[in-house]
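If you read the protein sequences in the order shown, they are chains A and B.
Heads up: the first sequence is residues 6 to 119, going by my numbering.
Heads up: the second sequence is residues 477 to 588, going by my numbering.
Each residue gets a CB set at the ideal place from its N, CA and C atoms; glycine is no exception.
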Amino acid sequence: DTEVTQTPKHLVMGMTNKKSLKCEQHMGHRAMYWYKQKAKKPPELMFVYSYEKLSINESVPSRFSPECPNSSLLNLHLHALQPEDSALYLCASRFRASDSNEQFFGPGTRLTVL
Amino acid sequence: GESVGLHLPTLSVQEGDNSIINCAYSNSASDYFIWYKQESGKGPQFIIDIRSNMDKRQGQRVTVLLNKTVKHLSLQIAATQPGDSAVYFCAENIGGAQKLVFGQGTRLTINP
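The following block contains the structure:
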């Protein structure tokens, strides 16, 4: 299994809703990432987990709450989002935080906040 | 065909021609650089990387050149094919920080 999977593929939510995005990989990677990508823009790093511990938070608003329950799973909990948070949310993983340059990306969850 | 700087977001080339996509980076501490390809509706896909102590690296049909003096990176794609149509991003890894910072991207369009 050499892929990163993300669910759901699409998500529409209101500003008062609580929802979660899920990311899974079974490649034994110990570094996992959340990125946000607006239309026609590059991905922007949000969070980095290394060995299931949060190592980087790029000053992301608290309405985004990441969670890494185990080495294969990464969640992003969403609460009280704003319409400007609508974007493609990408998950990525890498073998180890300080090894191998390649980050494997999932297909993303396209989020629309109404 | 060749893209110039970060402010030309689209590059059109004839099928079979070589493509050159350029990128400028900003951080002298970046220890390696990566090129990613992103097709419509998909996540970025790794193409090739190069460490900061190298000038050139070749892969299958692709070559990456790094000029640290002017902080410039380029991706050369030989004999461009329709499947090469995508947005191409360069990314720099901020040394020791596990952080990838992506450039603005270039959309490559292949004309038959």
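Candidates the options, of which the one nearest residue i by Cα
{"i": "I496 of chain B", "options": "B:N503, B:W511, B:S502, B:S506", "result": "B:W511"}
{"i": "T545 of chain B", "options": "B:Y564, B:E491, B:S528", "result": "B:S528"}
{"i": "H31 of chain A", "options": "A:L79, A:H84, A:L16, A:M18", "result": "A:L79"}
{"i": "R68 of chain A", "options": "A:G19, A:P74, A:L83", "result": "A:L83"}
{"i": "G19 of chain A", "options": "A:P112, A:F100, A:D90, A:P71", "result": "A:D90"}
{"i": "E8 of chain A", "options": "B:Q521, B:L549, B:K575, B:D560", "result": "B:Q521"}
{"i": "P112 of chain A", "options": "A:L93, A:P66, A:F100", "result": "A:L93"}
{"i": "C499 of chain B", "options": "B:L549, B:T486, B:P588, B:L487", "result": "B:L549"}
{"i": "K532 of chain B", "options": "B:K513, B:Q552, B:S516", "result": "B:Q552"}
Cβ neighbour criterion (16 or more within 10 Å) applied to residue i
{"i": "S504 of chain B", "result": "exposed"}
{"i": "Y564 of chain B", "result": "buried"}
{"i": "V480 of chain B", "result": "Because V480 of chain B carries a pLDDT of 44, less than 50, the predicted location of this residue cannot be relied on, and the following value inherits that uncertainty. V480 of chain B should be labelled exposed."}
{"i": "A44 of chain A", "result": "exposed"}
{"i": "E515 of chain B", "result": "exposed"}
CB contact flag (residue i, residue j, <8 Å)
{"i": "Y38 of chain A", "j": "L50 of chain A", "result": "yes"}
{"i": "R537 of chain B", "j": "A562 of chain B", "result": "no"}
{"i": "G519 of chain B", "j": "L95 of chain A", "result": "yes"}
{"i": "Q557 of chain B", "j": "I523 of chain B", "result": "no"}
{"i": "P48 of chain A", "j": "Y56 of chain A", "result": "no"}
{"i": "A36 of chain A", "j": "Q574 of chain B", "result": "yes"}
Whole-Å CB distance - residue i paired with residue j, under 8 Å assumed
{"i": "D507 of chain B", "j": "E107 of chain A", "result": "Incorrect: roughly 14 Å between the Cβ atoms, too far for contact."}
{"i": "T117 of chain A", "j": "Q11 of chain A", "result": "Contact doesn't hold; Cβ gap of about 16 Å is too wide."}
{"i": "F100 of chain A", "j": "H34 of chain A", "result": "5 Å"}
{"i": "L81 of chain A", "j": "P71 of chain A", "result": "5 Å"}
Residue i to residue j span [Cα, whole Å]
{"i": "V53 of chain A", "j": "V577 of chain B", "result": "13 Å"}
{"i": "K58 of chain A", "j": "K24 of chain A", "result": "22 Å"}
{"i": "G535 of chain B", "j": "L542 of chain B", "result": "14 Å"}
{"i": "S76 of chain A", "j": "V540 of chain B", "result": "33 Å"}
{"i": "H15 of chain A", "j": "G517 of chain B", "result": "11 Å"}
{"i": "G559 of chain B", "j": "A567 of chain B", "result": "22 Å"}
{"i": "T21 of chain A", "j": "V65 of chain A", "result": "19 Å"}
{"i": "L119 of chain A", "j": "N494 of chain B", "result": "44 Å"}
Proximity test, Cβ basis, 8 Å: residue i and chain E
{"i": "N494 of chain B", "result": "This model lacks chain E altogether, as its protein chains are A and B."}
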